[in-house]
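Quick notes on the structure that follows.
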Amino acid sequence: MVFYKHRKFLFLGVVCCYLVLFLTGCSTSGYHSESRNGHLNRSSSTIPNLIKQYNSWKGTRYQLGGMSKRGVDCSGFTLVTFRDLFGLRIARTTVAQSKQGFYIPKHNLQAGDLVFFKTGRGPFGNHVGIYVKNGVFLHASSKKGVTYSNLNSPYWKKVYWQARRL
């Protein structure tokens, strides 16, 4: 009788393990940085598209956790921009985005590269924007909302961390 009870629990344990393995095997892993070809296709339209994106989002206020024109944070803005303009799915948070793609030296920046900063603000003290050209990047600023800024200004130069290319 005791052996029968243990066999019943063993059987239930095995069934539960198989069920967990099956369900996790069928789940998705969330956003990743690959499109059909796995990277951002840079073309002559990249800069004009980024300018159009700015014009469309200009005046949108900063809202932590936001991803719409009612309010957007920095990583939400980069996610929406890469999704809508380039068909790329990227992570939701600045920390996760900072691990995607590959590192680019500051002097090799191209339109569409993600630029990261250690500002000390926000949940993890990080900030992200999208490089446009000539030291200018597009981002959702906590003070100005969606705006352009210059990497060479004293503040952004001081807090610059890294750039990533997808």
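Residue numbers (the numbering used here): 1113 to 1278.
For each residue, glycine too, the CB sits at the ideal point set by N, CA and C.
Given the structure is predicted, the values throughout are model-derived calculations rather than measurements.
Sub-8 Å separation of residue i and residue j beta-carbons
{"i": "Thr1206", "j": "His1251", "result": "no"}
{"i": "Leu1191", "j": "Gln1165", "result": "no"}
{"i": "Gln1222", "j": "Arg1154", "result": "yes"}
{"i": "Gly1257", "j": "Gly1177", "result": "no"}
{"i": "Lys1269", "j": "Leu1263", "result": "yes"}
{"i": "Leu1162", "j": "Ile1216", "result": "no"}
{"i": "Lys1218", "j": "Ile1159", "result": "no"}
{"i": "Arg1276", "j": "Leu1226", "result": "yes"}
Pick from the options that is closest to residue i, judged by C-alpha positions
{"i": "Ser1265", "options": "Lys1255, Leu1278, Gln1274 and Val1248", "result": "Val1248"}
{"i": "Leu1278", "options": "Ser1187, Leu1200 and Gln1175", "result": "Leu1200"}
{"i": "Tyr1174", "options": "Asn1161, Lys1270, Pro1217 and Thr1259", "result": "Thr1259"}
{"i": "Lys1255", "options": "Cys1186, Ile1159, Leu1152 and Thr1158", "result": "Cys1186"}
{"i": "Asn1167", "options": "Thr1193, Ala1208 and Asn1220", "result": "Thr1193"}
Residues near residue i by beta carbon distance below 6 Å, same chain, minus five either side
{"i": "Phe1228", "result": "Ser1210, Val1240, Trp1273 and Gln1274"}
{"i": "Val1184", "result": "Thr1172, Gly1178 and Ala1252"}
{"i": "Gly1188", "result": "Gly1178 and Met1179"}
{"i": "Trp1169", "result": "Val1258"}
Buried or exposed by the 16-neighbour rule on C-beta atoms within 10 Å, applied to residue i
{"i": "Phe1214", "result": "exposed"}
{"i": "Tyr1267", "result": "exposed"}
{"i": "Phe1236", "result": "exposed"}
{"i": "Gly1232", "result": "exposed"}
Own chain residues within Cβ distance below 8 Å of residue i, not counting five before or after
{"i": "Arg1195", "result": "Arg1201 and Ile1202"}
Same chain, Cβ closer than 7 Å to residue i, five either side skipped, listed in chain order
{"i": "Lys1230", "result": "Gly1237, Asn1238, Val1271 and Trp1273"}
{"i": "Phe1156", "result": "The question names Phe, yet the displayed sequence has Ser at residue 1156. Taken in chain order, the list of residues that qualify is empty."}
{"i": "Leu1152", "result": "Phe1198, Leu1200, Gly1224 and Leu1278"}
Start-end ranges of the alpha helix (DSSP H) lying completely within the region 1151–1215, minimum 4 residues: Scanning the region 1151–1215 for uninterrupted alpha helix (DSSP H) segments of 4 residues or longer gives 1158–1169, 1186–1198 and 1206–1209, listed from N- to C-terminal end.
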